[in-house]
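Structure record follows, encoded as structure tokens.
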Amino acid sequence: MQSTPHPQGHSFSMGPSQKLLIGWGAVLSLSLGAINMGLLPGQWPVIIPFLAFGLINTHNLFTFKKLETATWPNHLGYVSALIGLTVMAMFSGGIQSGYTLLLATIGLMAMASRKNRYALGALILICGLFATNHYTNLPNLIQGSVATTTTFLMFISMGLVGYIYINYHWFVQRKALLQQLGVLETDLRKKDTLLKEIHHRVKNNLQTVSSLLNLQSKNIEAPHIRALFKNSQNRVICMAMVHEMLYQRDDLSKIEYRSYVEQLTGYLLKTAPGGHSRVKLNINVPEIKLNVDTAIPLGLLINETITNSLKYGFTDSMEGEIYIGLTQAENQHFILEIGDNGKGFPAELETDKLDSMGLKLINSLARQLKGSIERDTKKEGTNYIVKFQESQKHFHSVA
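For the sequence shown, the UniProt record's numbering assigns the number 1 to the initial residue and increments by one for each residue that follows.
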């Protein structure tokens, strides 16, 4: 028959801090044993437990190096500590001995380690020490100044071991946390690199679409059809610019919107059909950052508005100005003022009833931004006021 393996819960694996504790316990036990040999010559009931406990802990360390999950050395350490401290307390004043406190400390350590059998054993032994004061008459081998010295050394030793153990335990935990943090930062940077690559490829694909639209438009003779292709090309480039700015910067969640507006409007003015060298741009956009879900539809809205201004607002010889102003209100709300001082619409014209692809797209983009749009009839030309709020769905970067 095959033997049944022991459950994993019965094995004991010693960590670095526990090895340090046992090692220092062994050193101090042997040292105190040697000191007591000088202070208490011939008082072997007090000397032998110190030496025995030190030798047992030394043996346990070597055993754990060979057998990492051995259980019996751990049990042997608790048993020897309980017996040794009980014997030392019996011959140094019983329940009034300082070693009784050390025995209680061992019991609390056992309880903290969920070794309740040893905690119960420590309680029984302390009760037994209380009984020895009433029913036995064992000699007190540690008295006077020697008792003071040994008690002082014992408490100093306990404090030193506790201090070393706590600091080493803190150091090990801090090192482990820093290692975990390093792994997380590495993973996040890999994700950032992947996102940059995605934005780069999206930009390249959009530029490819733009190039195809441009090539296709060259084969079309009808001016109004060619204009439709040109408008579509501008919309694709408008989106491509956002992805280009994202992969070129460390922050993958937001873009500097003033720089984006300057690049977009400069491109539109440069590539617009006809001569618009007398049309000036007046851009009043603060140094703010907007996330992708806001930047793209807002960029498309600006693209449509500027395209309409260049197409319908000015004749080839007219001087004029296109204004773009963005102000930030409270709670991530923004106000965009955009328009021109060109010919404009007649005051009585209801623009929302016009069958215009550009105007329909402008209104649709305003709704996508969870905002509203209205004409500013107080100004000369065609002007709009768009109120919107920044979308809260965006990527986060560690950089």
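Cβ coordinates follow ideal geometry from the N, Cα and C atoms, glycine included.
Out of Ile324, Ile306, Thr377, point me to the one whose CA is closest to glycine 358's CA.
-> Comparing alpha-carbon positions, the option among Ile324, Ile306, Thr377 lying closest to glycine 358 turns out to be Ile306.
Host beta strand (DSSP E) of residue 400 (start-end) = Since the first residue shown for the chain is 1 and the last is 399, residue 400 is missing from the structure and cannot be characterised.
Tell me the DSSP bridge mates of arginine 174?
-> Looking at the DSSP output, arginine 174 sits in no beta bridge, so it has no partner there.
In angstroms, rounded to a whole number, what distance separates the CA positions of isoleucine 237 and aspartate 293?
-> Those two C-alpha atoms are separated by around 16 Å.
Is the Cβ-Cβ distance between methionine 245 and isoleucine 255 less than 9 Å?
-> Yes. Within cutoff.
Local Cβ density within 10 Å of glutamate 304, reported as buried at 16 or more and exposed below that | Answer is buried; the Cβ neighbour count reaches 16.
Among residues of its own chain, excluding the 5 on either side of valine 261, which ones have a beta-carbon nearer than 7 Å to its beta-carbon?
-> Excluding sequence neighbours, valine 261 sits near Ile283, Val285, Ile302, Ile324.
Figure out for me which residue from Lys196, Asn383, Arg249 has the closest Cα to the Cα of isoleucine 362.
-> Nearest in C-alpha terms to isoleucine 362, of all of Lys196, Asn383, Arg249, is Asn383.
Buried or exposed: valine 183, going by 16 or more other Cβ atoms within 10 Å of its Cβ?
-> Classification of valine 183: exposed, given that the 10 Å Cβ count is below 16.
What three-state label does DSSP hand leucine 369 in the structure shown?
-> Of the three classes helix, strand and coil, the one that applies to leucine 369 here is coil, per DSSP.
Are the Cβ atoms of isoleucine 322 and lysine 387 separated by less than 9 Å?
-> Taking 9 Å as the cut-off, the beta carbon of isoleucine 322 is found no closer than this to the beta carbon of lysine 387.
Counterpart residues of phenylalanine 132 in DSSP-defined beta bridges | The question names phenylalanine, but residue 132 is threonine in the sequence shown. Threonine 132 is not bridged to any residue.
Rounded to the nearest angstrom, how far is the Cβ of phenylalanine 314 from that of glycine 344, given a contact under 8 Å?
-> Rounded, the Cβ-Cβ distance is 11 Å, inconsistent with contact.
In this structure, does DSSP put arginine 189 in helix, strand or coil?
-> Arginine 189: helix per DSSP, three-state reduction.
If you follow the alpha helix (DSSP H) that leucine 246 is part of, which residue opens it and which one closes it?
-> Counting along the chain, the unbroken alpha helix (DSSP H) around leucine 246 starts and ends at 223-247.
Could you give the distance in angstroms between the alpha-carbon of phenylalanine 12 and the alpha-carbon of isoleucine 124?
-> Legend: pLDDT at phenylalanine 12 = 47, less than 50; position of this residue unreliable, value from coordinates given subsequently. Phenylalanine 12 and isoleucine 124: Cα-Cα distance of roughly 25 Å.
Continuous alpha helix (DSSP H) stretch holding leucine 268: start and end | Per DSSP, leucine 268 belongs to the alpha helix (DSSP H) from 257-271.
Beta-carbon proximity of glutamate 221 to arginine 258, cut-off 9 Å = Their beta carbons are not under 9 Å apart, which means glutamate 221 does not touch arginine 258 by this criterion.
Would you kindly check if the distance between the Cβ of leucine 138 and the Cβ of alanine 122 is under 9 Å?
-> No.
Euclidean distance between Cα positions of histidine 200 and histidine 243 = In this structure, the alpha-carbon of histidine 200 lies about 7 Å from that of histidine 243.
Ignore the nearest five residues each way along the sequence and tell me which others in serine 214's own chain have a CB closer than 7 Å to its CB.
-> According to the sequence displayed, residue 214 carries asparagine and not serine. Correct list, in chain order: Gln233.
In chain order, each beta strand (DSSP E) run of at least 3 residues that lies wholly inside the segment 309-334 = Secondary structure remark: continuous beta strand (DSSP E) runs of at least 3 residues inside the segment 309-334, in chain order: 320-328.
Secondary structure of residue 408, DSSP reduced to three states | The question about residue 408 has no answer, for the chain in this structure spans 1 to 399.
For glycine 339, does the count of other Cβ atoms within 10 angstroms reach 16, so buried, or fall short, so exposed?
-> Around the beta carbon of glycine 339, 16 or more other beta carbons sit within 10 angstroms, so the residue counts as buried.
Length of the line joining the Cα atoms of threonine 86 and glycine 128 = Roughly 9 Å between the two C-alpha positions.
DSSP state of leucine 281 mapped onto helix, strand, coil = Leucine 281 falls in the strand class under three-state DSSP.
Taking the alpha carbon of glutamine 368 as the point to measure from, which residue in Gln328, Arg375, Thr186, Ser391 has its own alpha carbon closest?
-> The shortest C-alpha separation from glutamine 368 is found at Ser391.
Hey, could you find the ends of the beta strand (DSSP E) asparagine 219 is sitting in?
-> Per DSSP, asparagine 219 lies in no beta strand (DSSP E) and is assigned neither H nor E.
Among residues of its own chain, excluding the 5 on either side of isoleucine 126, which ones have a beta-carbon nearer than 7 Å to its beta-carbon?
-> The residues are Thr100, Leu103, Ala104.
Endpoints, the beta strand (DSSP E) within which asparagine 383 is located | DSSP places asparagine 383 inside the beta strand (DSSP E), whose first and last residues are 383-389.
To the nearest angstrom, report how far apart proline 297 and leucine 178 are at their CA atoms.
-> Looking at the two C-alpha atoms, the distance is approximately 41 Å.
Under the DSSP definition of a beta bridge, which residues are partnered with aspartate 340?
-> Paired residues: Ile322.
With a CB to CB cut of under 8 Å and the five nearest residues on each side skipped, what residues in its chain are close to glutamate 197?
-> Annotation for glutamate 197: Tyr247 place their beta carbon closer than 8 Å to its own, counting only its chain and skipping 5 residues before and after.
For lysine 254, name the three-state secondary structure that DSSP assigns.
-> Note: lysine 254 maps to strand in three-state DSSP.
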